[in-house]
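Residue numbers (numbering that gives the first Met the number 0): 0 to 135.
Let me begin by presenting the structure, written as structure tokens, before commenting on it.
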Amino acid sequence: MNKLRKNSLPLGQYYFGLADTLDEDDDRLDLLTEQRYSQGFDASETWDLFTTIAKFILPRLIWLRNHNHGYPSQLTYKKWVKIQNKMIWSFEQIAIDNMDIERPDTMLDYEATEKHTKKIQKGLDLFSQYFMNLWD
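The following block contains the structure:
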């Protein structure tokens, strides 16, 4: 069985785990490889599950927005795109791990981080609200 290795992963572009960030001699690679083959994912995808999910959803939301063939009946097309953009922005922030705001002195800016987190949550709330409208 091939081990999960940097630049030679048997995973492809749909791998969202962290095994490819481990050193090649990391003892966990054998188990992660076995999990990947036996269950279709490995435990490293759950180490930061919200990021894993965001990385999976993000390109699909972008594609859907760029190929809209309809929108919820209670909205206009323009409003629907605006809502999609808010969802996309939120998933982008999560996918790139842009959850905290630091000041120039590299200290965490708690007030700015709280504001940023609330904005992310608004996009996630819209995702939940319009989940059944995510179709093409």
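For every residue, glycine included, the Cβ atom is placed at its ideal position computed from N, Cα and C.
Distance, residue j Cα to residue i Cα
| i | j | result |
| --- | --- | --- |
| Asp24 | Ala18 | 12 Å |
| Gln128 | Asp108 | 30 Å |
| Ile95 | Asn67 | 25 Å |
| Phe40 | Phe130 | 24 Å |
| Ser37 | Thr51 | 19 Å |
| Leu133 | Glu91 | 17 Å |
| Arg59 | Glu110 | 32 Å |
| Leu114 | Ile82 | Strictly speaking, residue 114 in this sequence is Lys, with Leu absent from that position. Distance between the alpha carbons of Lys114 and Ile82: 19 Å. |
| Arg64 | Lys77 | 11 Å |
| Met0 | Ser72 | Here Met0 scores only 43 on pLDDT, less than 50, and its place in the model is too uncertain to base an answer on. |
| Lys117 | Ala53 | 17 Å |
| Asp135 | Asn84 | 16 Å |
Cutoff 7 Å; reference residue i; Cβ partners in own chain excluding five residues on either side
| i | result |
| --- | --- |
| Trp46 | Leu17 |
| Leu21 | Arg27, Leu28 |
| Arg4 | With a pLDDT of 44 at Arg4, under the threshold of 50, the predicted position of this residue should be treated as unreliable, though the coordinate-derived value follows. Excluding residues within five positions, the ones whose Cβ falls inside 7 Å are Glu23. |
Same chain only: Cβ atoms within 8 Å of residue i, ignoring 5 sequence neighbours per side
| i | result |
| --- | --- |
| Phe49 | Ile93 |
| Gln34 | Phe40, Asp41, Ala42 |
| Leu74 | Ile82 |
Nearest-angstrom Cβ-Cβ length linking residue i and residue j, presumed shorter than 8 Å
| i | j | result |
| --- | --- | --- |
| Ser43 | Leu57 | Contact flag wrong, Cβ pair sits at about 19 Å. |
| Tyr70 | Trp79 | 4 Å |
Neighbourhood of residue i by C-beta, 6 Å cutoff - its chain only, sequence neighbours within 5 removed
| i | result |
| --- | --- |
| Ser89 | Ile119, Gly122, Leu123 |
| Phe126 | Met86 |
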